[in-house]
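Converting from the sequence shown to our numbering requires adding 3 to each position, the first position being numbered 1. A virtual CB, placed ideally from N, CA and C, is assigned to each residue, including glycine. Being a predicted model, the structure only gives us computed values, none of them experimental.
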Amino acid sequence: MKLTIFAATGGIGRQISEQAVDAGHDVTAVVRNPQKLPGDLSRQVRVVTADLAAPDPAMLKSAVEGADAVLSGLGPTSNSEAGVATQGTRAIAAAMNATGARRIVVVSAAPIGTVPSPGRPNPPKHDPGDGFVLRHLLSPLTKAALRKHYADLAQMEDVLRDSDLDWTAVRPPRLTDKPLTGTYRMTYGQNLRRGLFISRADVAHYMLRALDQPETVKQTIGIAN
4 MKLTIFAATG GIGRQISEQA VDAGHDVTAV VRNPQKLPGD LSRQVRVVTA DLAAPDPAML
64 KSAVEGADAV LSGLGPTSNS EAGVATQGTR AIAAAMNATG ARRIVVVSAA PIGTVPSPGR
124 PNPPKHDPGD GFVLRHLLSP LTKAALRKHY ADLAQMEDVL RDSDLDWTAV RPPRLTDKPL
184 TGTYRMTYGQ NLRRGLFISR ADVAHYMLRA LDQPETVKQT IGIAN
């Protein structure tokens, strides 16, 4: 497949890029700083330089032109970057609409099902997949600490729901740098009981798998080890 990968130098984006190349896909890697791409990977992909905090529509159109699917690891890494997921995804969606690309899989986060947004001002108070400790202790603390990050991801999901794209939003819990296992659990529309961790490599693995799963279109997917 011809794939365009956004935020390809990030933790998940790099994993997607490496696994996609290993699987024989034709990869376009969209990055803010090409020097952050490992040398061996940069020689195997088409590199497009773009800053999703200040997107250039023409550059994004060239990045997604002819793509069979788009994958995005875009997300804020600090409070100062909050908003990049929403703004960047809106720009990606516009580029896809302009070029006829349809399929997109993005990374979101496990708490987002209970985070209010303009499109979902009254989400459920608790995720049905969360156990007592996560629901009453860990989740409130995490959401308070990462309030701006999660608000950005919730609005990013709004952008996808409001689009005509064939989207999938993958919601992992806490991410680790453990190696790829290919063994994980997933479910539709909620989190997983006792699903506290998953590696970035396994999230990337599932995102690539989802491209061939039409039942994941217009779905949020909970995933965990």
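Just list the residues that DSSP pairs Leu178 with in beta bridges.
Ile201.
Whose C-beta lies closer than 7 angstroms to the C-beta of Thr117 among residues of the same chain, with five residues either side of it excluded?
Apart from the 5 residues on each side of it in sequence, Thr117 sits with its Cβ closer than 7 angstroms to the Cβ of Pro126, Pro127, Lys128, His129 and Asp130 in its chain, given in chain order.
Val8 bridges to which residues according to DSSP?
The displayed chain sequence assigns Ile, not Val, to residue 8. Ile8 pairs with Ala32 and Leu74.
Given a cut-off of 8 angstroms on the beta-carbon distance, is the pair Thr171 and Val108 in contact?
Going by C-beta atoms, Thr171 is nearer than 8 angstroms to Val108.
Whose C-beta lies closer than 7 angstroms to the C-beta of His208 among residues of the same chain, with five residues either side of it excluded?
Apart from sequence neighbours up to five positions away, the residues of its chain that approach His208 with a beta-carbon distance below 7 angstroms are Gln22, Leu183 and Gly185, ordered along the chain.
For the alpha helix (DSSP H) holding Arg93, just list the boundary residues, first then last.
Unbroken alpha helix (DSSP H) run through Arg93: Val87 to Thr102.
Please report the Cβ distance between Val34 and Val50, rounded to the nearest whole angstrom; I am assuming they are in contact, meaning their Cβ atoms lie under 8 angstroms.
Right, the Cβ-Cβ distance comes to about 7 angstroms (below 8 angstroms), so this counts as a contact.
Would you kindly report the start and end of the unbroken beta strand (DSSP E) that includes Ala53?
Looking at the DSSP string, Ala53 is not in any beta strand (DSSP E), and its letter there is neither H nor E.
Is the CB-CB distance between Gly13 and Leu55 below 8 angstroms?
Result no, Cβ atoms of Gly13 and Leu55 do not sit closer than 8 angstroms.
Where the alpha helix (DSSP H) through Gln22 begins and ends:
Note, Gln22: alpha helix (DSSP H), Gly14 to Asp25.
Output needed for Lys181: all residues of its chain with C-beta closer than 6 angstroms, excluding positions within five of it in sequence on either side, in chain order.
Spatial neighbours of Lys181 in its own chain (CB-CB distance under 6 angstroms, excluding positions within 5 residues in sequence) are listed in chain order as Ser202.
Measuring alpha carbon to alpha carbon, tell me which residue in Leu214, Gly198 and Phe9 is nearest Asn3.
Outside the displayed range of the chain (4 to 228) lies residue 3, so it cannot be described from this structure.
Any idea what DSSP makes of Ala112, helix, strand or coil?
Correct three-state label for Ala112: coil.
Could you spell out where the alpha helix (DSSP H) holding Arg164 opens and where it closes?
Per DSSP, Arg164 belongs to the alpha helix (DSSP H) from Arg150 to Arg164.
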